[in-house]
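Top line first, the protein sequences correspond to chains A and B. FYI, in my numbering the residues of the first sequence are 24 to 309. FYI, in my numbering the residues of the second sequence are 355 to 628. Just below is one structure, and these are the notes that go with it.
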Amino acid sequence: MQNKSLSFWLFLTPVILGLGVVVVIPFLYGFIYSFTNWDGLTATKFLGLQNYIELFQEEEFMTSIWFTVKFAVVSVILLNVFGLGLALIVTRQIKSNNLLRTVFFMPNLIGGLILGFIWQFIFVSVFGDVGNLLGIEGLTGWLSTAETGFWGLVILTAWQMAGYIMIIYIAYLENIPKDLIEAAKIDGANGLQRFKNITFPLVAPAFTISMFLTLSMAFKIYDQNLSLTNGGPANKTQMVAMEIVRTAFTENEMAYAQAKAVIFFLIVAVVALTQVYYNKKREVEM
Amino acid sequence: MKMNAEKRNKLSLEVIGLLLGLIWLAPFYLMIVNAFKTKRQIFSGVLGLPESFIFDNFVQAFIDLEFLKSLFNSVLITGLSVAVIILFSSMAGYALARNKSKLSGIIFFVFVAAMLIPFQSVMIPLVSIFGQAEMLNAGGLVFMYLGFGCSLSIFLYHGAMTGVSKSMDEAAIIDGANRFQLFWYIIFPLLKPISVTVGILNTIWIWNDYLLPSLVLSESNATIPLKMFYFFGQYTKQWHLALAGLTIAILPVIIGYFFAQKQIINGVSEGAVK
Numbered sequence: 024m025q026n027k028s029l030s031f032w033l034f035l036t037p038v039i040l041g042l043g044v045v046v047v048i049p050f051l052y053g054f055i056y057s058f059t060n061w062d063g064l065t066a067t068k069f070l071g072l073q074n075y076i077e078l079f080q081e082e083e084f085m086t087s088i089w090f091t092v093k094f095a096v097v098s099v100i101l102l103n104v105f106g107l108g109l110a111l112i113v114t115r116q117i118k119s120n121n122l123l124r125t126v127f128f129m130p131n132l133i134g135g136l137i138l139g140f141i142w143q144f145i146f147v148s149v150f151g152d153v154g155n156l157l158g159i160e161g162l163t164g165w166l167s168t169a170e171t172g173f174w175g176l177v178i179l180t181a182w183q184m185a186g187y188i189m190i191i192y193i194a195y196l197e198n199i200p201k202d203l204i205e206a207a208k209i210d211g212a213n214g215l216q217r218f219k220n221i222t223f224p225l226v227a228p229a230f231t232i233s234m235f236l237t238l239s240m241a242f243k244i245y246d247q248n249l250s251l252t253n254g255g256p257a258n259k260t261q262m263v264a265m266e267i268v269r270t271a272f273t274e275n276e277m278a279y280a281q282a283k284a285v286i287f288f289l290i291v292a293v294v295a296l297t298q299v300y301y302n303k304k305r306e307v308e309m
Numbered sequence: 355m356k357m358n359a360e361k362r363n364k365l366s367l368e369v370i371g372l373l374l375g376l377i378w379l380a381p382f383y384l385m386i387v388n389a390f391k392t393k394r395q396i397f398s399g400v401l402g403l404p405e406s407f408i409f410d411n412f413v414q415a416f417i418d419l420e421f422l423k424s425l426f427n428s429v430l431i432t433g434l435s436v437a438v439i440i441l442f443s444s445m446a447g448y449a450l451a452r453n454k455s456k457l458s459g460i461i462f463f464v465f466v467a468a469m470l471i472p473f474q475s476v477m478i479p480l481v482s483i484f485g486q487a488e489m490l491n492a493g494g495l496v497f498m499y500l501g502f503g504c505s506l507s508i509f510l511y512h513g514a515m516t517g518v519s520k521s522m523d524e525a526a527i528i529d530g531a532n533r534f535q536l537f538w539y540i541i542f543p544l545l546k547p548i549s550v551t552v553g554i555l556n557t558i559w560i561w562n563d564y565l566l567p568s569l570v571l572s573e574s575n576a577t578i579p580l581k582m583f584y585f586f587g588q589y590t591k592q593w594h595l596a597l598a599g600l601t602i603a604i605l606p607v608i609i610g611y612f613f614a615q616k617q618i619i620n621g622v623s624e625g626a627v628k
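See the structure below:
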């Protein structure tokens with residue numbers, strides 16, 4: 024198929040139109056309007072960097088960025104620990120192998136919005152009940168403080184997505200040649216040594232993938248945030264994605280919200296690109 | 355002795371695994387048992403089984419969720435979007451893989467790079483543009499899903515095309531087939547495994563998506579997540595009804611998972627690892 028061939032372009036037209044109208048044009052359009060006083064329909068004034076200067080001085084926005092970064096770091100670590108841990112359990116030829124995979128993966132199929140509502144019940148009612156029953160004060164009043172809201176979101180995310188990360192690790196773990204492990208056993212390597220020297224290096228590419236996935240998932244989470252804490256109390260558990268939606272559709276400050284959205288894009292893009300770069304480099308060195 | 359230690363290890367692993375499995379299922383258990391209770395029964399204890407299994411909560415939730423209507427809307431929107439994504443992305447993946455020119459490479463790169471853009475970064479202008487074009491409806495939504503979903507799908511199809519020999523094309527062309535016949539009758543069937551993956555990944559995403567439909571659809575043609583959000587707002591503090599609604603909303607997914615768990619897990623694995 025050549026560039027000039029009509030069929031080449033006909034095959035591409037639907038997706039070029041789709042990506043163009045839905046992603047590329049709004050992206051560029053939004054970038055330009057973030058420097059104006061755009062209200063969603065018209066812009067009458069060019070403001071230069073004013074929106075951007077303002078957003079860096081806005082406490083609520085900066086709190087949401089800080090909250091999102093904290094959340095992303097903690098959940099990326101937990102997700103990878105849980106994901107790898109679960110994968111190690113279900114790749115050991117135990118009887119409940121397939122059943123457990125099915126169970127661990129299940130929460131991924133259900134929307135974050137619904138899961139957030141279910142966990143709201145668990146954190147508020149179940150935790151409260153158990154706390155009162157056993158006299159553990161730390162279990163009562165969950166989601167009513169920024170701290171418990173944070174850990175609530177972390178727990179929900181870890182529970183929901185660990186099975187997904189597990190699947191990725193399984194794909195790599197099952198590709199490790201069995202005789203390699205057997206040979207190491209015969210040579211007298213213990214379980215820890217085998218994990219450190221054989222399993223770990225061979226699943227390294229899985230780290231690249233799952234770190235990338237978990238990090239970008241963690242940064243973009245919205246549904247769980249909305250249904251579990253709704254950003255509360257006092258907007259202290261509000262992540263960037265939600266902050267942008269609120270600024271745009273509750274406060275109706277479209278241009279200002281778009282400036283935040285541009286910053287959000289830059290953060291996500293820089294994180295993703297750095298990570299891919301470093302992981303690729305490390306893999307080659309190993 | 356050595357065998358015994360290994361057996362013991364395996365057994366303890368089995369036990370740990372099952373315990374973790376139970377913890378993983380606990381939220382669903384709590385949701386279901388409390389959906390059968392009355393408001394007062396929940397108040398007096400959330401852990402135990404209900405005294406009797408009465409379906410009153412489910413009946414009311416079913417009615418208030420307008421469940422059949424919401425289910426229909428969800429099936430329609432997800433089904434149409436996924437069909438459109440599969441058809442157009444496979445065509446594009448094929449065209450881009452068969453054209454080795456620089457321009458083709460650049461187009462492919464643009465699609466892949468677009469995956470970096472988070473939804474929130476285009477959401478506001480998108481709603482504005484579609485609003486002005488009076489396209490904030492189900493049709494507009496399907497088109498938006500094509501735009502958001504085609505990048506990853508093209509990427510997957512492009513990768514799968516390396517396994518489809520070029521001699522297929524040549525033979526078909528010699529036999530007098532045009533490009534569309536060639537694609538539809540020969541290439542597309544060969545891409546079936548990756549189409550299953552693409553279909554599964556996009557179905558999971560679109561079925562569960564909340565934010566985009568909430569900006570595009572009116573309440574009268576709400577999908578399940580959207581309706582669930584309104585429903586939940588209506589029943590805050592009435593957990594017996596809210597939980598019954600949540601159970602109903604999850605049911606179609608669990609049924610689907612029950613029948614296609616192997617394909618789903620394989621599909622997700624392939625989509626992530628490639």
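For every residue, glycine included, the Cβ atom is placed at its ideal position computed from N, Cα and C. As the structure is a prediction and not an experimental result, all values here were calculated from the model.
- For Val-38(A), the closest Cβ of chain B is nearer than 8 Å.
- Within 9 Å of the CB of Tyr-511(B), no CB atom of chain A is found; the nearest one sits about 11 Å away.
- Using a Cβ-Cβ cut-off of 8 Å, Gln-395(B) does not count as an interface residue toward chain A, since no Cβ of chain A sits closer than that to its own.
- Excluding residues up to 5 positions away in sequence, Asn-258, Gln-261, Glu-266 lie with their Cβ nearer than 8 Å to the Cβ of Glu-83(A) in the same chain.
- Within 7 Å of the CB of Arg-269(A), no CB atom of chain B is found; the nearest one sits about 11 Å away.
- Contact check between the region 440–451 of chain B and the region 603–611 of chain B: fewer than three CB pairs, one atom from each, fall below 8 Å, which does not count as touching.
- For Glu-405(B), there is no enclosing alpha helix (DSSP H), since its DSSP letter is neither H nor E.
- The distance from the Cβ of Ile-193(A) to that of Thr-86(A) is about 38 Å, inconsistent with a contact at the 8 Å cut-off.
- Proximity to Ala-525(B) across Tyr-511(B), Gly-517(B), Ile-541(B), His-512(B) peaks at Ile-541(B), based on C-alpha coordinates.
- Under the three-state reduction of DSSP, Phe-69(A) is assigned to strand.
- Ile-112(A) and Ile-370(B) do touch by the CB rule: their CB atoms are close to 7 Å apart, below 8 Å.
- Less than 8 Å separates the beta-carbon of Pro-472(B) from that of Phe-288(A).
- Pairing Met-184(A) with Met-129(A) gives a Cβ-Cβ distance that is not under 8 Å.
- Between the alpha carbons of Phe-218(A) and Ala-514(B) lies a gap of roughly 33 Å.
- By the neighbour-count criterion, in which 16 or more other beta carbons inside 10 Å mark a residue as buried, Ile-145(A) falls on the buried side.
- For Pro-543(B), the nearest beta carbon of chain A is not closer than 8 Å to its own beta carbon.
- With a threshold of 8 Å between beta carbons, Ala-292(A) makes contact with chain B.
- Cα atoms of Asn-388(B) and Leu-580(B): separation of roughly 23 Å, rounded to the nearest angstrom.
- Here Leu-29(A) is exposed. Its C-beta has fewer than 16 other C-beta atoms within 10 Å.
- In summary, the residues of the region 552–567 of chain B whose CB is separated from some CB of chain A by less than 8 Å are Ile-558, Trp-561, Asn-562, Asp-563, Tyr-564, Leu-565, in the order they occur in the chain.
- Of all residues in the region 486–510 of chain B, only Gln-486, Phe-497, Met-498, Leu-500, Gly-501, Phe-502, Cys-504, Ser-505, Ile-508 come within less than 8 Å of chain A when Cβ atoms are compared, listed by chain position.
- Listed along chain A, the residues sitting closer than 7 Å to Pro-472(B) by beta-carbon distance are Lys-243, Phe-287, Phe-288, Val-291.
- Chain B places no beta carbon closer than 8 Å to that of Gln-298(A), leaving this residue out of the contacts.
- Within the region 425–456 of chain B, the residues whose Cβ lies closer than 7 Å to some Cβ of chain A are Phe-442, Ser-443, Met-445, Ala-446, Tyr-448, Ala-449, Arg-452, Asn-453, Ser-455, listed in chain order.
- When Leu-419(B), Met-469(B), Phe-613(B) are compared, the shortest CA-CA separation from Val-45(A) is found for Met-469(B).
- The criterion of a C-beta distance shorter than 8 Å is not satisfied by Leu-495(B) and Pro-543(B).
- The alpha-carbon of Phe-69(A) is positioned some 40 Å away from that of Val-99(A).
- Our two residues, Pro-404(B) and Phe-390(B), have alpha carbons roughly 6 Å apart in a direct line.
- Distance between Thr-180(A) and Ala-295(A), taken at the CA atoms: about 19 Å.
- Assignment of Thr-551(B) by DSSP, reduced to helix, strand and coil, places it in the helix class.
- In this structure, Thr-237(A) lies away from Gly-175(A), with their beta-carbon atoms at least 8 Å apart.
- Residues of the region 614–627 of chain B with a C-beta atom less than 8 Å from some C-beta of chain A are Gln-615, Ile-618, Ile-619, Val-622, Ser-623, Ala-626, Val-627, listed in chain order.
- Taking each of Ala-282(A), Val-293(A), Met-189(A) in turn and checking the Cα distance to Tyr-52(A), the smallest one comes out for Ala-282(A).
- Look at Met-582(B): its C-beta is under 8 Å from a C-beta on chain A.
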